[in-house]
Amino acid sequence: MKVYISADLEGVTGATHWDETEKLKPDYSEFREQMTAEVTAACEGALQAGSTEIWVKDAHSTARNLIASRLPREVRLIRGWSGHPFSMVQELDENFQALLMIGYHSWAGSAANPLAHTVSGKIAGLKINGCNASELHMYAYAAALVNVPLVFVSGDKGICEEATLLVPNISTLAVKQGSGNATVNIHPHLAVERIRDGVQAALQRDVSKCRLPRPEHFTVDITYKDHAMARKASFFPGAVSTDPHTIQFKSNDYFEVLRLFAFVL
Ligand SMILES: [Zn+2]
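In this note's numbering, the protein residues as written are 2 to 266.
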C-alpha cells in the first residue's frame with residue numbers, strides 16, 4: 002500500500018500563536034518538533050497497517066519544517082513548493098491508495114482555531130459550491146481528481162467536523178479546540194499515540210468508503226480582506242467580481258479551480 006501524508010503545523014497540538022509557526026521566531030522549534038512527532042506517528046501507524054511506501058509533503062509555510070532524520074526510512078519527503086497547482090498534495094497520483102492529513106486547521110473566517118486561515122492571510126473566506134472551504138476541502142477534491150480517498154485527518158476540532166461533513170467515513174482526531182485566541186489541547190505525547198493508533202485503524206478499514214464523489218460543477222467564491230486584492234484577482238481568466246471584496250469563478254474541471262487557487266490565494 003502506497004500512502005500520501007500532507008502535513009501542516011497550525012493544527013498540531015499546542016500551536017496557538019503565529020510566533021509558534023514562523024521559522025525565525027524562538028517559539029517555533031517546539032512546534033516544529035511536535036509537527037515532526039505527529040507526522041512520524043502517522044508514518045508508524047501506516048507501516049503497522051502494511052504500507053510499504055509513504056510520501057510526505059511538508060506543506061506549512063516554507064515547506065521546510067519536518068526534521069527528516071526522525072521519519073522512518075520508508076518515507077520520501079517532499080520539501081519546498083514546486084508551483085504545481087496540487088500544492089499541499091504535490092505528486093499525488095492514481096498510484097496512491099490513501100491520503101492522510103496531519104496538523105490541519107480550520108478555514109479562514111472560522112472561530113475554531115486562533116490560527117484559522119486558508120492558504121494565505123489574504124482572504125476572509127473561500128466557498129466551494131456554497132460551503133465554507135478549508136485547505137482540507139481544497140485538496141480533498143484534488144485527491145478526488147486522481148481517485149485517492151481521504152482516510153484520516155488530525156488537527157483542530159473544527160477541521161475534524163468539516164472533514165466529516167465532506168467525507169462521512171473519514172477517521173478524525175481532534176488534538177485541540179479553539180476558544181478566541183486560546184486553545185485547549187491534549188498532551189503532545191497523547192496526540193502522538195492517538196495519531197499512530199488512529200492511522201493504523203483507518204488504513205485497516207475499507208479505504209474505498211472514504212472516496213469523495215466529484216461534483217460535476219464547481220462554483221468558487223473568494224472574499225478578500227483587501228478590496229484591491231479582489232480587484233486584481235478579478236482579472237484572472239474566467240473570474241468575475243461579485244462585490245468589492247469578492248470574486249467568483251465557475252468551472253466543470255476542478256484542475257482549473259486549482260489553477261485559480263495557485264494564482265489568487
Ligand atoms: Zn500552515
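Every residue gets a Cβ at the ideal spot worked out from N, C-alpha and C, and that includes glycine.
Values in this document were obtained by computation on a predicted structure and should not be read as measured data.
Proximity to E163 across L137, Y255 and V185 peaks at L137, based on C-alpha coordinates.
Contact annotation: D94 and R80 have beta-carbon atoms that are not nearer than 8 Å. Contact between the segment 163-177 and the segment 232-248 is absent: fewer than 3 CB-CB pairs across the two stretches fall below 8 Å. Assignment of K26 by DSSP, reduced to helix, strand and coil, places it in the coil class. Judged by DSSP secondary structure, F250 falls within the beta strand (DSSP E) whose first and last residues are T247 to S252. Two segments are said to touch when three or more pairs of C-beta atoms, one from each, lie closer than 8 Å; by this definition the segment 206-215 does not touch the segment 110-125.
CA-to-CA, the gap between C161 and S155 works out to about 7 Å. Taken from the Cβ of D28, every heavy atom of ligand 1 lies 7 Å or farther away. Every beta strand (DSSP E) of 3 residues or more that sits fully in the segment 119-198 is shown, in chain order, as 124-129, 151-157, 172-180 and 183-186. Any heavy atom of ligand 1 within less than 6 Å of a residue's beta carbon puts that residue on the list, which reads D9, L10, E11, H61 and S62. Looking at the backbone, the Cα of L146 and that of V13 are separated by about 27 Å.
When DSSP reads this structure, A8 sits in a beta bridge with D59 and I103.
Within the model, the alpha-carbon separation for S70 versus M2 is close to 23 Å.
Each residue's CA atom was taken as its position, placing M102 and H228 some 32 Å apart. Beta-bridge partners assigned by DSSP to R77: W56.
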